[in-house]
Every structure is written in structure tokens, then in C-alpha cells.
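What follows is a set of notes on a single structure, which appears directly below.
Numbering (our numbering), first residue to last: 4 to 320.
Put into C-alpha cells, the structure is as follows:
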């Protein structure tokens with residue numbers, strides 16, 4: 004079993020077009036000219052299975068530091084620069100006010116929710132969770148073909164029901180996707196690819212006994228992996244049918260293999276950003292200070308040389 008599912012550095016062209024069609028490679032974009040690639044070449048770029056360490060430890064994070072206004076500006080400018088260099092636009096960090104908080108329950112976002120995976124383009128069958136929207140006919144399509152657009156908040160990368168609300172996990176770097184690698188046995192060594200003819204392309208086959216079968220991709224357990232170490236993802240909560248963010252808590256996160264992460268959160272009480280800069284891998288972190296927040300931003304720690312992995316986290320309405 005391979006220990007990572009992502010290419011790093013120069014390995015920026017892979018199998019986005021398995022789902023969304025051929026897209027020309029560009030700076031910061033992980034797309035490829037599928038027409039000139041064989042499936043075996045795609046496998047070389049993108050392993051199906053991800054090793055998840057069982058050597059997890061529990062730890063409580065210390066008090067976070069307050070992020071300076073200059074750092075916030077630098078992050079926003081950096082994201083905008085990466086988005087403009089990419090063929091896919093991202094949502095970008097927002098300082099917009101969130102709706103007043105109405106207390107509710109807690110859920111765990113684990114990237115293996117079958118209903119949520121059913122609303123990811125092609126069920127992330129090639130591990131690519133791409134920005135997804137809905138067209139006028141009600142069909143899941145790449146965001147650029149949807150009735151709305153990512154900037155308006157009508158598209159998503161991964162969206163999971165959380166009690167009575169929705170938790171959103173979105174790429175905001177402009178890459179246009181992240182990876183949801185399979186964690187169950189049977190996907191490696193690769194036995195075959197299957198295309199069910201639904202318009203979303205091929206996905207990995209699974210070895211069950213002596214047979215290679217087309218799995219129910221939405222029912223297979225997953226783990227989140229960033230495309231590159233400095234990819235930023237954004238976590239928010241919303242009411243169903245609303246584009247307005249709501250205030251929430253994110254007081255536990257389990258970091259998997261790979262890079263340490265930096266975890267930023269925007270406090271609703273002070274409208275200021277706070278951060279932990281070096282949350283270690285293979286750790287189940289308690290984040291007591293991350294409460295009453297408008298949004299969370301996560302990336303690999305500064306200078307990381309490998310991608311980061313998230314197993315799950317808790318959201319409280």
C-alpha cells in the first residue's frame with residue numbers, strides 16, 4: 004500500500020479530465036491531456052489507495068496566536084495570485100459577516116459520507132474531488148457549467164449534512180480539486196478501471212476475492228489529501244438553501260500522514276484571525292479555542308515538502 008496519493012512539486016498533471024473532460028495544464032493546475040495518456044500512465048501519477056497511520060495520538064493544542072493584519076493580507080494576496088495562475092477559479096477567503104448563531108448539534112466530517120460523496124462529481128471515483136455544481140436540468144456538472152458559480156457560493160468541493168446544517172470543505176487555492184483517496188484494501192495493485200457510462204468517466208476497480216469489480220465508489224471509505232503542500236482549504240457552515248455562513252465550532256481535528264498543518268480560524272467575537280502554525284501529523288487534536296468561528300482555513304505548514312492528510316473533524320452548529 005502506498006503511503007501517499009499525491010504527486011508533489013513538478014508532478015502537477017494528472018487525471019482531472021477523467022471526470023470533467025480534457026483541460027489544458029496550467030500553473031498550479033493538476034489537469035492533463037487525457038487523450039495522449041494511457042490509464043497506466045495515470046496510475047503512475049495518482050495511486051488509488053492511501054495508507055492511514057494507526058499510530059494516532061491525542062493532544063491538546065496550546066493557545067493559538069493572533070494573526071497579524073499583514074499576514075491576513077499576504078495570505079489573501081497569495082491565494083488570489085494562485086487562483087489567477089490557475090485554469091480553475093476558487094472561492095478565496097472571505098471576511099463577510101456570518102449569521103447569528105443558533106446552537107445545535109455536533110457531527111463528524113470524515114470524507115466517507117456516502118450521501119456527500121454522491122454529490123461530488125463522479126463520486127470522486129478517480130480520487131479527484133472537483134468543484135461541483137448543478138445545471139438547469141438538475142445534473143451534477145463542473146462548476147463552470149453550473150447555473151451559478153463558485154464565487155457566489157453555489158458550488159462546492161465536498162459538502163456534508165451536519166445535523167440540520169451543511170458543512171462545506173472547499174479548495175480556495177484555485178487548483179479546483181483535492182483528493183479523496185480510498186483506504187480499504189483491494190484498490191492496489193490496480194486491477195482495472197470501470198466506466199459506468201454516466202458521463203463522469205472511469206474510476207478505479209476493486210479486487211474482491213479473485214474478481215475485479217466496479218465498486219460503489221460513494222460507499223468506499225476515504226481520507227482527504229491535499230494536492231500540494233501549500234493548498235489552502237476552507238471550512239464553513241451554512242443553512243440548507245442559503246449562501247450565508249453561520250457561526251460554528253471546530254474543536255477537534257484528526258491529522259493523518261504527511262505534512263504538519265497550519266490551522267487558521269476567524270473569530271466571530273473579535274473578527275480577528277487566530278492560528279496554530281504546526282499541528283503535527285498522525286495526531287487527534289483538541290482545539291478548545293476554535294469556537295464561535297466564521298470560517299477555518301487549513302494548509303500545510305510553511306515550508307512543507309509533502310502534502311497533508313485529514314482524516315476527520317467535528318463541527319458543532
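Glycine is no exception: its CB is placed at the ideal position from the N, C-alpha and C atoms.
Here the structure is a predicted model, which means the values were calculated and not measured.
Problem set entry | Proximity to residue 204 [Cα-Cα], best of 126, 165 and 187 | The count along the chain shown starts at 1 and reaches residue 204 at position 201. The candidate whose alpha carbon is nearest that of residue 204 is 126.
For this session: Kindly indicate which three-state DSSP category residue 75 falls into: helix, strand or coil?
Result: Numbered from 1 along the chain shown, position 72 holds the residue referred to as residue 75. Reduced to three states, the DSSP call for residue 75 is helix.
Exercise. In angstroms, rounded to a whole number, what distance separates the CA positions of residue 183 and residue 208?
Worked result: Within the chain shown, the letter at position 180 stands for residue 183. Within the chain shown, the letter at position 205 stands for residue 208. Straight through space, the alpha carbons of residue 208 and residue 183 are spaced by roughly 15 Å.
Exercise. Are the CB atoms of residue 315 and residue 109 nearer to each other than 8 Å?
Worked result: Locating residue 315 in the chain shown gives position 312, where the first residue counts as 1. Locating residue 109 in the chain shown gives position 106, where the first residue counts as 1. Their beta carbons are not under 8 Å apart, which means residue 315 does not touch residue 109 by this criterion.
Problem set entry | Contact set for residue 225: own chain, Cβ-Cβ below 6 Å, skip 5 residues either direction | Within the chain shown, the letter at position 222 stands for residue 225. Residues of the same chain with a CB within less than 6 Å of the CB of residue 225, apart from the 5 flanking positions on each side, are 114, 115 and 183 in chain order.
Exercise. Can you tell me where the beta strand (DSSP E) with residue 313 in it begins and where it stops?
Worked result: Position 310 of the chain shown, counted from the first residue, corresponds to residue 313. Element bounds for residue 313: 311-319.
For this session: Starting from the C-beta of residue 276, find all residues in its chain whose C-beta is less than 6 Å away, skip the five residues before and the five after it, and write them out in chain order.
Result: Indexing the chain shown from 1 puts residue 276 at position 273. Excluding sequence positions up to five before and after residue 276, its CB lies within less than 6 Å of the CB of 70, 75, 267 and 269, all in the same chain and listed in chain order.
Exercise. To which residues of the same chain is residue 311 closer than 6 Å at the C-beta, ignoring the five residues directly before and after it?
Worked result: The sequence position of residue 311 within the chain shown is 308, counting from 1. Around residue 311: 229, 261, 262, 264 and 303.
Problem set entry | Given 8 Å, three or more beta-carbon pairs between the stretch 282-294 and the stretch 243-254 | Yes: at least three Cβ pairs fall under 8 Å.
Exercise. Which class does residue 235 belong to by DSSP, given the choice of helix, strand or coil?
Worked result: Indexing the chain shown from 1 puts residue 235 at position 232. In the structure shown, residue 235 sits in coil (DSSP, three-state: anything other than H, G, I, E or B).
Exercise. When the Cα atoms are used, what is the spatial distance from residue 159 to residue 60?
Worked result: Taking the first residue of the chain shown as 1, we reach residue 159 at position 156. Taking the first residue of the chain shown as 1, we reach residue 60 at position 57. Looking at the two C-alpha atoms, the distance is approximately 31 Å.
Exercise. By the 10 Å Cβ neighbour count, where 16 or more other Cβ atoms means buried, how is residue 206 classified, buried or exposed?
Worked result: The residue given as residue 206 occupies position 203 in the chain shown. Under this definition residue 206 is a buried residue.
For this session: Have a look at 54, 52, 198 and 65 and flag the residue whose alpha-carbon is nearest the alpha-carbon of residue 278.
Result: Within the chain shown, numbered from 1, the residue matching residue 278 stands at position 275. Closest by alpha carbon: 65.
Problem set entry | Counted within 10 angstroms of its Cβ, other Cβ atoms place residue 128 as buried (16 or more) or exposed | If you number the chain shown from 1, residue 128 lands on position 125. Classification of residue 128: buried, given that the 10 Å Cβ count is 16 or more.
Exercise. With 16 as the cutoff for other CB atoms within 10 Å, does residue 189 come out buried or exposed?
Worked result: Position 186 of the chain shown holds residue 189. With 16 or more Cβ atoms within 10 Å of its Cβ, residue 189 is classed as buried.
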